[in-house]
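Residue numbers (our numbering), protein chains in the order written: chain A, 1 to 318; chain B, 319 to 564.
Note that CB positions come from ideal geometry on N, CA and C, so glycine has one too.
Just so we're clear, the structure is a prediction, and the values are computed from it rather than from any experiment.
Beneath this line is the structure, given in structure tokens, with notes to follow.
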Amino acid sequence: MAVLVYIENPKGKIKKTGYEVACYGAQVAKSLGTDCIGLLIGKTENAGAVGEYGPSKVIHINADQEVEFDSQSFTKVITDVANEHKANIIILAHSANGKALTGRLAVRMNAGNVSGANSLPDTSGGFVVNKSVYSGKAIVRYNITAENKVISVMGNTLKPQAISTAVSPETRTAPLAATNTKVIERKISEGVVPLPEAEIVVSAGRGMKGPENWGIIEDLAAALGATTACSRPVADSDWRPHHEHVGQTGIAIRPNLYIAAGISGAIQHLAGVNNSKVIVVINKDPEAPFFKAADYGVVGDLFEVVPKLTAAIKKFKH
Amino acid sequence: MNLLVCISKTPDTTSRISFRPNEKEYNTDGVSFIMNPYDEWYALVKALEITEKNGGNVTVINVGPASNDIIIRKALAIGATDAVRVNLENPDAYTTSANIAAHAKNKSYDIIFTGKETIDFNGSEVGAMVAEMLDLPFISYASALEVNGNTSKITRDIEGGVEVCQVEGPYVLSASKGLAEQRIPNMKGIMMAKTKPLTVLDPISENARVTIEKFILPPGKSGVKLINPDDMDELVRLLHEEAKVI
Ligand SMILES: Cc1cc2nc3c(=O)[nH]c(=O)nc-3n(C[C@H](O)[C@H](O)[C@H](O)COP(=O)(O)OP(=O)(O)OC[C@H]3O[C@@H](n4cnc5c(N)ncnc54)[C@H](O)[C@@H]3O)c2cc1C
Ligand SMILES: Nc1ncnc2c1ncn2[C@@H]1O[C@H](COP(=O)(O)O)[C@@H](O)[C@H]1O
């Protein structure tokens, strides 16, 4: 028995969710009295740092190559390592690539799986993990009864903490099976923390009146070190790029702080954000439904409130 | 081209959420169900666009009970050629996938479409599972697709942007927003759907690998604290000292 954690490293850098799943895996291993192994595929800066977050061993495959993600070949590599180390539990992030892997890994391992878990397992009477369902209106407690288990973990489920020391990774080459897919292009906004990983998100909706007004949102985000998001009609009218759209049909996020300006708080919007730890709503309409889901509310004109908030943040950080 | 579209049924998002007294089952009383939007708006319509251009058939498949025929008929009304329902109540993702894979195994579909996720459980599992069971490539969260003979160019959503990839031969894809534009069934479509073939298959069964221990309701918000719009220093103080998020 062992726990294997697959850690993502786009462009050679370990993602924040990579450290989160390393911590998650190490805690699962500890509660079961077994070992946690971290696994990376492809060129990575400072791969051994994974050890600081708990795994006692790090396996680094094809460390000297840039490797493009492909769910089919990665599934084979990950399950081969799991089988070799008799790892019966595989943990990974519930990210874009994680979602493409979880189901495949479960099939290849003949495992029970939970995708999008948001708690550590409760092993007191089984192996029970929680997951938010029905647009955040309920939590399901799943008991994974199969011997093999695959769990993809929602971002920000736990705060990654360095608790140990770096380990020197065991590097090896493994041929990635040839598949019929290849990546030909990638377009990513540079320099911003992707939404699913962001700890603070500043989001705005139709109350902004038009794309030309987004400067105040970007200023607030910059002051907080936050990532920007938007409601669906805003993305639909091309005021903002589609990848910023949060909600039921967009991305589901759970940052520590979600600030929403000029968003009414329709149920489909809440579906993607109501797992945020703290929600601040800025809206001129005191009856806006979003206030019912908020922790802090400011009833006022966002064109006045947002710049004032930015100034207050700057003063606080100074 | 021969295309398969997997369709599922979910409660409308505005539905009231409650559970049976055993806390293990969703209470469906008075709930209105819809076809999962990713399956209906994007996966199905994209499949239809491809066959309209290149010729061929679009088969829809659902793993579920007879009460799901209503969404199957809707898919036929929107334009699918024929339908398959594997007769099984409340299948989990693994069993659903095993049944879809069993049907697809010898049918040589060029593309198998799923939605990116069901909007009730947000699993994002079935497409990847079917792909693994059939040993096919899987492209998740597709927001654009161009088919050229045996080659497909697919744009997939990733964190902070998109990735464009090329696939040769058959594969499984999950559809995200943007892949196509929603179509509303017209009268002619609805009439024709009544006579289109719907084959009901017996299921294959799988052992349960995961069970629902229970559903619980999330802790409610204690109520919003309103801050004077002229005193943003106070909001910053609360976010720092009380909420501890900055
Ligand atoms: C199947 C389905 C799926 C959907 N999925 C999503 C989804 O994923 N994400 C999503 O966001 N929506 C989604 N929607 C749409 C959703 O129902 C709402 O229509 C949408 O969220 C509203 O966006 P909004 O709050 O920006 O705009 P509005 O509802 O128009 O709200 C604008 C708000 O701004 C406030 N305002 C205006 N001016 C000011 C000002 N000067 N200062 C302060 N406040 C101001 C107004 O009081 C109002 O509350 C979906 C809908 C459907 C049917
Ligand atoms: N019971 C089902 N029958 C057919 N297809 C399904 C079923 N459940 C899920 N799917 C397909 O799998 C996709 C992803 O579902 P899920 O993995 O449950 O989030 C859905 O959008 C459907 O295309």
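Which residue's Cα is closest to the Cα of residue i: the options?
i              : options                           : result
V5 (chain A)   : A:V153, A:T249 and A:K131         : A:V153
C324 (chain B) : B:S415, B:I564, B:T332 and B:D548 : B:S415
E218 (chain A) : A:E197, A:R240 and A:D236         : A:R240
I437 (chain B) : B:K562, B:L556 and B:T331         : B:T331
V278 (chain A) : A:G116, A:V183, A:E199 and A:G112 : A:E199
N585 (chain B) : A:P255, A:S95 and A:Q65           : Because residue 585 (chain B) is not part of the residues shown, which for chain B are 319 to 564, the question remains open.
M459 (chain B) : A:G250, A:Q27 and A:P10           : Per the sequence shown, the amino acid found at residue 459 (chain B) is Tyr instead of Met. Taking only the C-alpha atoms, the option nearest Y459 (chain B) is A:G250.
G112 (chain A) : B:V528, B:R555 and B:D549         : B:V528
P488 (chain B) : B:A511, B:V480 and B:V448         : B:V448
S56 (chain A)  : A:A26, A:A82, A:V81 and A:D80     : A:A26
G496 (chain B) : A:C230, A:I163, A:I91 and A:H243  : A:H243
T17 (chain A)  : A:K159, A:M208 and A:A29          : A:K159
I472 (chain B) : A:T173, A:A288 and A:K182         : A:K182
A117 (chain A) : A:N110, A:G155, A:F316 and A:A82  : A:G155
E499 (chain B) : B:W359, B:N354 and B:S350         : B:W359
H558 (chain B) : A:V28, A:I14, A:A312 and A:R206   : A:A312
H319 (chain A) : A:L224, A:N274, A:C23 and A:V246  : Coverage of chain A is limited to positions 1 through 318, which leaves residue 319 (chain A) absent and any answer about it impossible.
S492 (chain B) : B:N354, B:N345, B:S336 and B:S333 : B:N354
P329 (chain B) : B:V349, B:T432 and B:P537         : B:V349
N546 (chain B) : A:V81, A:G297 and A:E84           : A:G297
G373 (chain B) : B:L454, B:T346, B:D387 and B:M319 : B:M319
K539 (chain B) : A:D295, A:I37, A:W214 and A:K11   : A:D295
V485 (chain B) : B:E560, B:S385 and B:N466         : B:N466
K319 (chain A) : A:A222, A:H60 and A:G247          : The structure shown does not extend to residue 319 (chain A), since chain A spans only 1 to 318, so no value can be given for it.
S31 (chain A)  : A:G207, A:N148, A:I139 and A:D122 : A:D122
Does ligand 2 have even one heavy atom less than 7 Å from the beta-carbon of residue i?
i              : result
C324 (chain B) : yes
A361 (chain B) : yes
D357 (chain B) : yes
I522 (chain B) : no
S152 (chain A) : no
S56 (chain A)  : no
P409 (chain B) : yes
V444 (chain B) : yes
V402 (chain B) : no
N468 (chain B) : no
H435 (chain B) : Just to set this straight, residue 435 (chain B) is Glu in the shown sequence, not His. Yes; taking the cut-off as 7 Å, the Cβ of E435 (chain B) has a heavy atom of ligand 2 nearer than that.
N440 (chain B) : yes
V528 (chain B) : no
V133 (chain A) : no
N380 (chain B) : yes
N405 (chain B) : no
Kindly examine ligand 1 and report whether one of its heavy atoms sits closer than 7 Å to the Cβ of residue i.
i              : result
A449 (chain B) : no
Q65 (chain A)  : no
Y231 (chain A) : One detail in the question is off: residue 231 (chain A) reads as Ser in this sequence, not Tyr. Yes, ligand 1 has a heavy atom inside 7 Å of this Cβ.
K284 (chain A) : yes
Q27 (chain A)  : no
S264 (chain A) : yes
V361 (chain A) : A query on residue 361 (chain A) cannot be resolved here, the shown segment of chain A reaching from 1 to 318 and no further.
T34 (chain A)  : no
If residue i and residue j are in contact, beta carbons under 8 Å, what's the gap, nearest whole angstrom?
i              : j              : result
L176 (chain A) : S73 (chain A)  : 4 Å
L309 (chain A) : M550 (chain B) : 4 Å
A162 (chain A) : E20 (chain A)  : Actually they are not in contact, since the Cβ atoms of A162 (chain A) and E20 (chain A) sit about 12 Å apart, beyond 8 Å.
K364 (chain B) : L463 (chain B) : 6 Å
V444 (chain B) : A419 (chain B) : The Cβ separation is near 10 Å, so there is no contact.
E8 (chain A)   : A93 (chain A)  : 6 Å
L105 (chain A) : V150 (chain A) : 5 Å
S135 (chain A) : A271 (chain A) : 3 Å
G205 (chain A) : C230 (chain A) : 7 Å
V3 (chain A)   : A29 (chain A)  : 4 Å
Do the segment 36-49 of chain A and the segment 59-70 of chain A make contact, defined as three or more Cβ pairs closer than 8 Å? yes
If we count Cβ pairs, one from each stretch, closer than 8 Å, do we get three or more for the segment 120-127 of chain A versus the segment 142-152 of chain A? yes
Complete runs of the beta strand (DSSP E) confined to the segment 103-182 of chain A [at least 3 residues]: 112-117, 128-133, 138-144, 149-153 and 170-172
Length-filtered (3 minimum) beta strand (DSSP E) runs lying within the segment 198-243 of chain A: 200-204 and 227-230
Restricting to runs no shorter than 4 residues, where is the alpha helix (DSSP H) found entirely within the segment 327-388 of chain B? 363-372
With three or more C-beta pairs closer than 8 Å as the rule, is the segment 399-412 of chain B touching the segment 370-379 of chain B? yes
If you pair each beta-carbon of the segment 161-172 of chain A with each one of the segment 291-306 of chain A, do three or more pairs fall below 8 Å? no
What ranges does the alpha helix (DSSP H) occupy inside the segment 34-106 of chain A, keeping only unbroken runs of at least 4 residues that lie completely in it? 71-84
Any contact between the segment 280-292 of chain A and the segment 173-191 of chain A? By contact I mean 3 or more CB pairs, one from each, below 8 Å. no
Pairs of beta-carbons, one from the segment 341-349 of chain B and one from the segment 522-537 of chain B, closer than 8 Å: are there three or more? yes
Just checking, does the segment 252-265 of chain A make contact with the segment 510-517 of chain B on the three C-beta pairs under 8 Å criterion? no
Contiguous alpha helix (DSSP H) assignments of at least 4 residues, all confined to the segment 480-520 of chain B: 505-511
In chain order, each beta strand (DSSP E) run of at least 3 residues that lies wholly inside the segment 232-299 of chain A: You should have 257-261, 278-283 and 296-299.
Give the list of continuous beta strand (DSSP E) stretches no shorter than 3 residues that lie fully inside the segment 405-451 of chain B. 429-433
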